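Visitor: For what it's worth, the numbering used here labels the leading residue of the first sequence as 102, then goes sequentially.
Could you have a look at this structure, given as structure tokens, before my questions?
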Amino acid sequence: MTIDELRAAIAGSLNVALDGLGSGDVDASDVEIVIERPKSREHGDYATNVAMVLAKRVQRPPREIAEALASELGGYAGIAQVDVAGPGFVNITLEAASHAEVARRIVEAGPDYGVGDALAGTKVNVEFISANPTGPLHLGHTRWAAVGDAIARVLRAAGAEVAREFYINDRGVQMDMFGASVMASAHGEPVPEDGYHGGYVVDLAGAIVAEDPDILSLPRDDQLVSFREAAYARQLGQQQQVLDLFRTHFDVWASERELHGSAAVEGGLERLREQGHVFEEDGAVWLRTTDFGDDKDRVLVKADGEYTYFASDTAYYVDKRARGFDVNIYLLGADHHGYVNRLRAVAACAGDDIDAHIEVLIGQLVKITRGELEVKLSKRAGNIVTLEELVEEVGVDAARYTLIRYPADSPLTLDLETITRQTNDNPVFYVQYAHARISSVLRNARELGIDWREAEFDPGSLTHEREIELLGRLAEYPRIVASAAELREPHRVARYLEEMATDYHRFYDVCWVLPRGEEDVQPLHISRLWLCAAARQVLANGLDLLGVSAPERM
RNA sequence: GGCCCCGUAGCUCAGGGGAUAGAGCGUCGGUUUCCUAAACCGUGCGUCGCAGGUUCGAAUCCUGCCGGGGCCA
Numbered sequence: 102m103t104i105d106e107l108r109a110a111i112a113g114s115l116n117v118a119l120d121g122l123g124s125g126d127v128d129a130s131d132v133e134i135v136i137e138r139p140k141s142r143e144h145g146d147y148a149t150n151v152a153m154v155l156a157k158r159v160q161r162p163p164r165e166i167a168e169a170l171a172s173e174l175g176g177y178a179g180i181a182q183v184d185v186a187g188p189g190f191v192n193i194t195l196e197a198a199s200h201a202e203v204a205r206r207i208v209e210a211g212p213d214y215g216v217g218d219a220l221a222g223t224k225v226n227v228e229f230i231s232a233n234p235t236g237p238l239h240l241g242h243t244r245w246a247a248v249g250d251a252i253a254r255v256l257r258a259a260g261a262e263v264a265r266e267f268y269i270n271d272r273g274v275q276m277d278m279f280g281a282s283v284m285a286s287a288h289g290e291p292v293p294e295d296g297y298h299g300g301y302v303v304d305l306a307g308a309i310v311a312e313d314p315d316i317l318s319l320p321r322d323d324q325l326v327s328f329r330e331a332a333y334a335r336q337l338g339q340q341q342q343v344l345d346l347f348r349t350h351f352d353v354w355a356s357e358r359e360l361h362g363s364a365a366v367e368g369g370l371e372r373l374r375e376q377g378h379v380f381e382e383d384g385a386v387w388l389r390t391t392d393f394g395d396d397k398d399r400v401l402v403k404a405d406g407e408y409t410y411f412a413s414d415t416a417y418y419v420d421k422r423a424r425g426f427d428v429n430i431y432l433l434g435a436d437h438h439g440y441v442n443r444l445r446a447v448a449a450c451a452g453d454d455i456d457a458h459i460e461v462l463i464g465q466l467v468k469i470t471r472g473e474l475e476v477k478l479s480k481r482a483g484n485i486v487t488l489e490e491l492v493e494e495v496g497v498d499a500a501r502y503t504l505i506r507y508p509a510d511s512p513l514t515l516d517l518e519t520i521t522r523q524t525n526d527n528p529v530f531y532v533q534y535a536h537a538r539i540s541s542v543l544r545n546a547r548e549l550g551i552d553w554r555e556a557e558f559d560p561g562s563l564t565h566e567r568e569i570e571l572l573g574r575l576a577e578y579p580r581i582v583a584s585a586a587e588l589r590e591p592h593r594v595a596r597y598l599e600e601m602a603t604d605y606h607r608f609y610d611v612c613w614v615l616p617r618g619e620e621d622v623q624p625l626h627i628s629r630l631w632l633c634a635a636a637r638q639v640l641a642n643g644l645d646l647l648g649v650s651a652p653e654r655m
């Protein structure tokens with residue numbers, strides 16, 4: 102019996118029970134039947150609180166409703182026992198075989214186990230990082246590089262059609278300043294005061310001149326443009342390469358320039374005019390964002406006729422909607438929290454429902470330590486400042502896992518010593534180890550010539566307490582994925598995997614899987630191999646949602 | 001001045017209204033003739049910042065205050 106089947110059973114029993122209480126006219130169909138796994142085993146495998154929730158409406162004591170529900174529910178196949186406890190909880194214990202069926206389902210579903218349809222038919226745009234192409238990606242970007250990607254994966258697992266999108270701010274004075282900095286560097290001249298000073302600028306200059314020495318003899322104005330464009334191409338390429346290495350793959354690289362080139366900006370502006378939130382004042386064109394909670398109105402077109410960055414952002418939103426995205430998620434750093442109201446107001450000004458079409462998530466900053474010492478994010482040599490350097494030091498798996506493991510809206514301290522340590526206090530290794538351990542068992546089974554998939558799986562044989570615990574945990578997985586998607590909180594998957602790995606290790610510790618010595622292959626061996634295979638599948642599926650590898654050996 | 005985040009065990013942190021608030025680390029001790037000991041088991045550990053409110057029930061939701069971090073102006 103699956104959780105969904107149990108829910109249906111409860112719903113059915115509830116109707117009968119209410120009839121029996123003379124409350125058949127009470128419509129309980131809108132009551133969400135919450136099924137939870139009790140913390141204590143004494144309270145059964147599953148529990149529901151519907152009796153308490155309905156008490157007021159039915160005008161009966163919760164325990165009375167619970168009793169009626171329990172006696173009805175007890176008749177269902179697959180349910181071993183139903184108890185009423187506490188203020189009106191209905192505690193349900195399943196038959197052993199009923200638990201174990203999940204193992205078969207998981208193995209048969211394979212990578213699809215956990216995939217749901219809650220968001221089927223919804224097109225979601227997840228925009229994150231969106232760095233200027235004027236330097237390497239740094240720590241401020243890494244959290245979203247991991248979490249944003251995981252959010253996209255989790256949403257996809259919930260059935261949504263997802264695009265990961267990176268908005269390239271490749272237009273405006275910052276780009277010119279970037280070009281000027283590289284050019285100055287190429288000539289051995291001092292970089293402009295508010296230009297870009299990192300060592301990478303020198304490297305870029307050197308590489309550009311090496312590839313095209315003639316660039317230095319161009320007229321100054323042309324040369325500036327050439328340097329700017331060459332540096333832009335290289336820097337963007339470098340960012341893309343690093344993200345690729347980090348296993349964060351964007352579906353769309355949206356360029357601000359192209360937005361302007363395609364007249365999307367004019368189009369977006371037109372759309373806002375139609376909605377009646379655009380006005381002119383002091384020679385500038387404004388968007389009345391204060392109508393929707395912003396603290397001041399914003400300029401779209403300056404008095405000199407230039408579009409503002411805000412105009413681009415606005416047009417970009419309208420463009421995303423035009424491309425059919427129902428939900429547009431923006432992942433921003435804590436330093437951009439002032440943008441939240443502005444962006445939401447843009448959606449409202451475009452005639453959209455703020456609560457439906459736009460979501461702005463704020464990620465708190467990441468602090469890095471090495472043991473007790475904080476790693477200052479200065480640009481001095483030896484301190485980690487870029488995503489690339491972080492990956493070099495700790496590896497992609499550890500970096501991604503650690504960044505995703507915590508809710509993004511809480512501050513995060515990343516200890517380089519801990520996450521490279523190969524012990525229990527490093528959760529990524531703990532979870533990966535469970536996967537490798539299972540893989541090893543299954544390898545050994547193959548070497549012993551045991552073809553468990555072809556053998557009869559007897560779910561009734563998995564009755565050990567540790568087996569039941571593990572099966573119960575495996576059954577939770579789809580619900581965890583669904584809630585991670587709904588809440589945009591992939592850390593829930595990571596936390597779940599840690600608990601699941603614990604359940605596996607505990608099972609492994611006391612339940613021997615393979616035949617020992619000259620022992621014949623028994624049905625229990627086969628059943629346990631199915632259980633192992635199911636556990637491995639869930640670990641692999643979960644790790645995949647985080648973009649972390651599931652090693653066969655460690 | 002406005003806004004955002006945080007406050008839970010000695011430390012780092014989970015805990016989207018439910019029963020006795022959890023995990024890792026750290027302490028001390030134990031477990032391997034055979035499937036990966038990167039594991040498992042035992043052992044302590046709490047005014048869930050404070051005060052009100054909503055609820056049958058609040059660490060969780062609402063309001064105010066205190067404390068810490070940060071952003072904008």
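Beta carbons: idealized from backbone N, C-alpha and C, even for Gly.
A quick note: this is a predicted structure, and the numbers were derived from the prediction, not measured.
Which of the three DSSP states is assigned to residue 482 in this structure?
Guide: In the first sequence, the residue the question calls residue 482 occupies position 381. Only weak support exists for where residue 482 lies, its pLDDT of 42 falling under 50; the coordinates are left without a value.
Visitor: Taking DSSP's pairing of strands, which residues face residue 262 in a bridge?
Guide: Translated into the one-based positions of the first sequence, residue 262 becomes position 161. Note: residue 262 sits in a beta bridge opposite 224.
Visitor: Need the endpoints of the beta strand (DSSP E) that residue 514 sits in, please.
Guide: As a working mapping, residue 514 is identified with position 413 in the first sequence. Looking at the DSSP string, the run of the beta strand (DSSP E) that includes residue 514 is 513–516.
Visitor: Within its chain, find whatever has a CB closer than 6 Å to the CB of residue 530; leave out the 5 residues flanking it on each side and keep chain order.
Guide: Translated into the one-based positions of the first sequence, residue 530 becomes position 429. Closer than 6 Å at Cβ, skipping near neighbours: 523.
Visitor: DSSP three-state call for residue 289: helix, strand or coil?
Guide: Position 188 of the first sequence, counting from 1, holds the residue named residue 289. Three-state DSSP puts residue 289 in coil, outside helix and strand.
Visitor: For residue 559 and residue 638, what's the separation of their Cα atoms in angstroms?
Guide: The residue given as residue 559 occupies position 458 in the first sequence. The residue given as residue 638 occupies position 537 in the first sequence. C-alpha separation (whole angstroms): 19 Å.
Visitor: So, are the CB atoms of residue 207 and residue 575 less than 8 Å apart?
Guide: Here residue 207 corresponds to residue number 106 of the first sequence, with the count starting at 1. Here residue 575 corresponds to residue number 474 of the first sequence, with the count starting at 1. Result yes, Cβ atoms of residue 207 and residue 575 sit closer than 8 Å.
Visitor: Quick one: grab the DSSP three-state call for residue 447.
Guide: By one-based count along the first sequence, residue 447 stands at place 346. Looking at residue 447 - three-state DSSP - the assignment turns out to be helix.
Visitor: Counting only the same chain and skipping the five closest in sequence on each side, list residues whose C-beta sits under 6 Å from that of residue 509.
Guide: One-based indexing of the first sequence puts residue 509 at position 408. So the qualifying residues of the chain are 248 and 464.
Visitor: Starting from the C-beta of residue 278, find all residues in its chain whose C-beta is less than 6 Å away, skip the five residues before and the five after it, and write them out in chain order.
Guide: In the first sequence, counting from the first residue as 1, residue 278 sits at position 177. So the qualifying residues of the chain are 296.
Visitor: Report the rounded CA-to-CA distance for residue 476 versus residue 162, giving the unit in angstroms.
Guide: Position 375 of the first sequence, counting from 1, holds the residue named residue 476. Position 61 of the first sequence, counting from 1, holds the residue named residue 162. Rounded to whole angstroms, residue 476 to residue 162 spans 59 Å at the Cα level.
Visitor: Using alpha carbons as the reference points, say which of 111, 360, 456 and 553 lies closest to residue 179.
Guide: Position 78 of the first sequence, counted from the start, is the residue given in the question as residue 179. Answer by Cα proximity: 111.
Visitor: Which term fits residue 135, buried or exposed, when burial requires 16 or more other beta carbons within 10 angstroms of its beta carbon?
Guide: The residue given as residue 135 occupies position 34 in the first sequence. Under this definition residue 135 is an exposed residue.
Visitor: Quick one: residues in its chain with C-beta nearer than 6 Å to the C-beta of residue 616, no 5 flanking neighbours on either side, listed in chain order?
Guide: By one-based count along the first sequence, residue 616 stands at place 515. Excluding residues within five positions, the ones whose Cβ falls inside 6 Å are 622 and 626.
Visitor: Taking one C-beta from the segment 152–166 and one from the segment 181–200 each time, how about it: are there three or more such pairs within less than 8 Å?
Guide: As far as the Cβ criterion goes, the segment 152–166 touches the segment 181–200, which means the pair count is three or higher.
Visitor: Based on DSSP bridge pairs, tell me the residues matched to residue 462.
Guide: Position 361 of the first sequence, counted from the start, is the residue given in the question as residue 462. BP columns for residue 462 point to 432.
Visitor: With 16 other CB atoms within 10 Å as the buried threshold, where does residue 644 fall?
Guide: In the first sequence, residue 644 corresponds to position 543, counting from 1. With 16 or more other Cβ atoms within 10 Å, it is buried.
Visitor: Classify residue 655 as buried or exposed, calling it buried when 16 or more other Cβ atoms lie within 10 Å of its own Cβ.
Guide: Along the first sequence, one-based indexing puts residue 655 at 554. By the neighbour-count rule (16 or more Cβ atoms within 10 Å), residue 655 is not buried but exposed.
Visitor: Can you tell me whether DSSP reads residue 239 as helix, strand or coil?
Guide: Translated into positions along the first sequence, residue 239 becomes position 138. DSSP places residue 239 in strand when its eight states are reduced to three.
Visitor: Just grab the DSSP bridge partners of residue 388 for me.
Guide: Position 287 of the first sequence holds residue 388. DSSP lists 379 and 399 as partners of residue 388.
Visitor: According to DSSP, is residue 442 part of a helix, a strand, or is it coil?
Guide: Within the first sequence, the letter at position 341 stands for residue 442. In the structure shown, residue 442 sits in a helix (DSSP, three-state: H, G or I).
Visitor: Does the Cβ-Cβ distance between residue 411 and residue 354 come in under 8 Å?
Guide: Counting from 1 along the first sequence, the entry for residue 411 is found at position 310. Counting from 1 along the first sequence, the entry for residue 354 is found at position 253. The answer is no: Cβ separation not under 8 Å.
Visitor: Grab the span of the beta strand (DSSP E) containing residue 408 for me, first residue to last.
Guide: If you number the first sequence from 1, residue 408 lands on position 307. Note, residue 408: premise wrong, no beta strand (DSSP E); not H, not E.
Visitor: Spell out the partners DSSP gives residue 182 in its beta bridges.
Guide: Along the first sequence, one-based indexing puts residue 182 at 81. DSSP output for residue 182 lists 194 as bridge partner(s).
Visitor: Ends of the alpha helix (DSSP H) at residue 538?
Guide: Translated into the one-based positions of the first sequence, residue 538 becomes position 437. Looking at the DSSP string, the run of the alpha helix (DSSP H) that includes residue 538 is 528–548.
Visitor: Under a Cβ-count criterion, where at least 16 other Cβ atoms within 10 Å of its own Cβ denotes burial, should residue 380 be classed as buried or exposed?
Guide: Mapped onto the first sequence, residue 380 falls at position 279. Looking at its Cβ environment, which holds fewer than 16 other Cβ atoms inside 10 Å, residue 380 is exposed.
Visitor: Quick check on the DSSP output: the alpha helix (DSSP H) that includes residue 301 runs from which residue to which?
Guide: Taking the first residue of the first sequence as 1, we reach residue 301 at position 200. Where residue 301 is concerned, the enclosing alpha helix (DSSP H) stretches over 300–312.
Visitor: Candidates 175, 156 and 258: which alpha carbon is nearest residue 591's?
Guide: Along the first sequence, one-based indexing puts residue 591 at 490. Considering only alpha carbons, the answer is 258.
Visitor: Which residues in the same chain have their Cβ closer than 7 Å to the Cβ of residue 527, if we skip the five residues on either side of it in sequence?
Guide: By one-based count along the first sequence, residue 527 stands at place 426. Closer than 7 Å at Cβ, skipping near neighbours: 519 and 520.
Visitor: For residue 285, which residues from the same chain have a beta carbon less than 6 Å from its beta carbon, with the 5 sequence-adjacent residues on both sides left out?
Guide: For the purposes of this step, residue 285 is taken as the residue at position 184 of the first sequence. Cβ neighbours of residue 285 beyond the five flanking positions: 292.
Visitor: To the nearest angstrom, how far is the alpha carbon of residue 586 from that of residue 427?
Guide: As a first step, residue 586 must be located in the first sequence, where it is residue number 485. As a first step, residue 427 must be located in the first sequence, where it is residue number 326. Roughly 15 Å between the two C-alpha positions.
Visitor: Between the alpha carbons of residue 430 and residue 462, how many angstroms are there, rounded?
Guide: Stepping through the first sequence from its first residue, residue 430 is reached at position 329. Stepping through the first sequence from its first residue, residue 462 is reached at position 361. So the two alpha carbons sit approximately 7 Å from each other.
Visitor: For the ligand ATP, any of its heavy atoms closer than 7 Å to the Cβ of residue 168?
Guide: In the structure on display, the ligand ATP does not appear, and there are no ligands present to speak of.
Visitor: Looking at the secondary structure, which residues open and close the alpha helix (DSSP H) in which residue 152 lies?
Guide: What you label residue 152 is simply residue 51 of the first sequence in a count that begins at 1. Segment 151–159, the alpha helix (DSSP H) holding residue 152.
Visitor: Is the Cβ-Cβ distance between residue 114 and residue 173 less than 8 Å?
Guide: As a first step, residue 114 must be located in the first sequence, where it is residue number 13. As a first step, residue 173 must be located in the first sequence, where it is residue number 72. Contact flag set, yes.
Visitor: Can you tell me whether residue 613 is buried or exposed, with buried defined as 16 or more other CB within 10 angstroms of its CB?
Guide: Your numbering for residue 613 matches position 512 in the first sequence. Under this definition residue 613 is an exposed residue.
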